[in-house]
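The opening position of the sequence shown corresponds to residue -19 in this note's numbering, with each subsequent residue numbered one higher. Glycine included, every Cβ here is placed at the ideal spot set by N, Cα and C. To keep things clear, I will list the structure first and then write my remarks on it.
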Amino acid sequence: RVIEVIVKPRAKHTEILQESQTQLKVALKAPPEEGKANLELIKFLSKYYNTKVEIIKGYTSKRKYIKIHEK
-19 RVIEVIVKPR AKHTEILQES QTQLKVALKA PPEEGKANLE LIKFLSKYYN
31 TKVEIIKGYT SKRKYIKIHE K
């Protein structure tokens, strides 16, 4: 399953701000430098969905597409 994720880096806490079937809005504590925000997003969503997650599009954008692998 692929969903669109809109990220807000440099937030106070890492948390999901809004969720629908096809889109997530996520606040990330990490800055958007040297892939830190992407790494935090992958770790956070892997824990949230309890499965492997990967970014498939939008590495340098606030609008990303991630693939959630089946368990």
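For residue j and residue i, the rounded distance between their alpha carbons
i	j	result
H49	V(-15)	15 Å
T(-6)	A7	5 Å
F24	N30	10 Å
Member of the options whose CA lies at the smallest distance from the CA of residue i
i	options	result
V33	K9, T40, P12 and K51	K51
K(-12)	R(-19), I46, N18 and Q1	N18
T40	Q3, L21 and A(-9)	L21
E(-1)	I35, K42 and I(-17)	I(-17)
A10	K44, I(-4) and A(-9)	A(-9)
I35	Y28, K44 and Q1	K44
Where the alpha helix (DSSP H) through residue i begins and ends
i	result
Y39	Run containing Y39: none; DSSP gives neither H nor E here.
E(-5)	From DSSP, E(-5) is part of no alpha helix (DSSP H) but of the beta strand (DSSP E) over E(-5) to E(-1).
Start-to-end residues for the beta strand (DSSP E) that takes in residue i
i	result
L4	Q3 to A7
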